[in-house]
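See below for the structure under consideration.
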Amino acid sequence: MNRTWLTEYRGERTHQQVADLANIDRSYYTQLESGIRNPSVETAKKVASALGFNWTLFFESDCVETNQTKGGIY
(Lines of atoms letter the chains of each structure in order from A and count residues from 1; the text may use other names and numbers.)
(Lines give C-alpha, C1' and ligand atoms only; values in the text may rest on other atoms or scores of the structure.)
Protein backbone atom coordinates (compact mmCIF):
# COMPACT_ATOMS: atom_id res chain seq x y z
CA MET A 1 0.00 0.00 0.00
CA ASN A 2 1.81 3.03 -1.28
CA ARG A 3 0.97 6.25 0.54
CA THR A 4 0.67 8.50 -2.50
CA TRP A 5 -0.87 11.22 -0.35
CA LEU A 6 2.37 11.36 1.64
CA THR A 7 4.36 11.80 -1.58
CA GLU A 8 2.16 14.78 -2.40
CA TYR A 9 2.86 16.39 0.99
CA ARG A 10 6.60 15.74 0.53
CA GLY A 11 6.57 17.67 -2.73
CA GLU A 12 10.04 18.37 -4.09
CA ARG A 13 11.81 17.43 -0.86
CA THR A 14 13.95 14.33 -0.80
CA HIS A 15 13.36 11.46 1.59
CA GLN A 16 16.51 12.53 3.42
CA GLN A 17 15.27 16.10 3.83
CA VAL A 18 11.96 14.95 5.30
CA ALA A 19 13.70 12.45 7.56
CA ASP A 20 16.01 15.18 8.83
CA LEU A 21 13.07 17.51 9.51
CA ALA A 22 11.23 14.73 11.36
CA ASN A 23 14.38 13.50 13.13
CA ILE A 24 14.00 9.91 11.87
CA ASP A 25 16.15 7.65 9.67
CA ARG A 26 15.81 8.11 5.93
CA SER A 27 15.22 4.40 5.39
CA TYR A 28 12.39 4.46 7.93
CA TYR A 29 10.75 7.40 6.16
CA THR A 30 11.05 5.58 2.84
CA GLN A 31 9.32 2.55 4.36
CA LEU A 32 6.54 4.76 5.73
CA GLU A 33 5.94 6.40 2.36
CA SER A 34 5.94 3.10 0.50
CA GLY A 35 3.56 1.56 3.05
CA ILE A 36 5.97 -1.14 4.19
CA ARG A 37 5.82 0.12 7.78
CA ASN A 38 3.23 1.90 9.86
CA PRO A 39 4.38 4.71 12.14
CA SER A 40 3.93 4.93 15.86
CA VAL A 41 1.82 7.88 17.01
CA GLU A 42 5.02 9.69 18.00
CA THR A 43 6.58 9.21 14.55
CA ALA A 44 3.34 10.10 12.78
CA LYS A 45 3.32 13.38 14.72
CA LYS A 46 6.95 14.11 13.79
CA VAL A 47 6.41 13.51 10.07
CA ALA A 48 3.12 15.40 10.04
CA SER A 49 4.71 18.35 11.78
CA ALA A 50 7.61 18.36 9.32
CA LEU A 51 5.28 18.30 6.30
CA GLY A 52 2.36 20.31 7.67
CA PHE A 53 -0.59 17.93 7.91
CA ASN A 54 -2.68 16.31 10.65
CA TRP A 55 -0.91 13.22 12.00
CA THR A 56 -4.13 11.22 12.16
CA LEU A 57 -4.13 11.05 8.37
CA PHE A 58 -1.69 8.14 8.64
CA PHE A 59 -4.27 6.08 10.45
CA GLU A 60 -7.43 7.32 8.74
CA SER A 61 -6.05 6.53 5.30
CA ASP A 62 -4.88 3.08 6.35
CA CYS A 63 -8.27 2.23 7.86
CA VAL A 64 -10.21 3.28 4.77
CA GLU A 65 -7.90 1.48 2.34
CA THR A 66 -7.82 -1.68 4.44
CA ASN A 67 -11.58 -1.74 4.85
CA GLN A 68 -12.20 -1.11 1.15
CA THR A 69 -9.71 -3.82 0.19
CA LYS A 70 -11.60 -6.31 2.34
CA GLY A 71 -14.87 -5.30 0.74
CA GLY A 72 -16.32 -3.70 3.86
CA ILE A 73 -18.39 -0.58 4.03
CA TYR A 74 -16.78 2.37 5.72
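Every number in this note's numbering is 3 more than the matching position in the sequence shown, counting from 1.
Quick reminder that beta carbons are idealized off the backbone N, C-alpha and C, glycines included.
Just so it is clear, the structure is predicted and the values come from calculations on it, not from any experiment.
- Message: To the nearest angstrom, how far is the alpha carbon of Val44 from that of Gln34?
- Response: Within the sequence shown, the letter at position 41 stands for residue 44. Within the sequence shown, the letter at position 31 stands for residue 34. For Val44 and Gln34, the distance between alpha carbons rounds to 16 Å.
- Message: Looking at the secondary structure, which residues open and close the alpha helix (DSSP H) in which Asp23 lies?
- Response: In the sequence shown, counting from the first residue as 1, residue 23 sits at position 20. Per DSSP, Asp23 belongs to the alpha helix (DSSP H) from 18-25.
- Item | Unbroken alpha helix (DSSP H) run spanning Trp8, endpoints | Working through the sequence shown from its first residue, we reach residue 8 at position 5. Going by DSSP, Trp8 is part of the alpha helix (DSSP H) stretching over 7-13.
- Cβ-based burial, Ala22 [other Cβ within 10 Å; buried from 16]: Here residue 22 is taken as the residue at index 19 of the sequence shown, counted from 1. Under this definition Ala22 is a buried residue.
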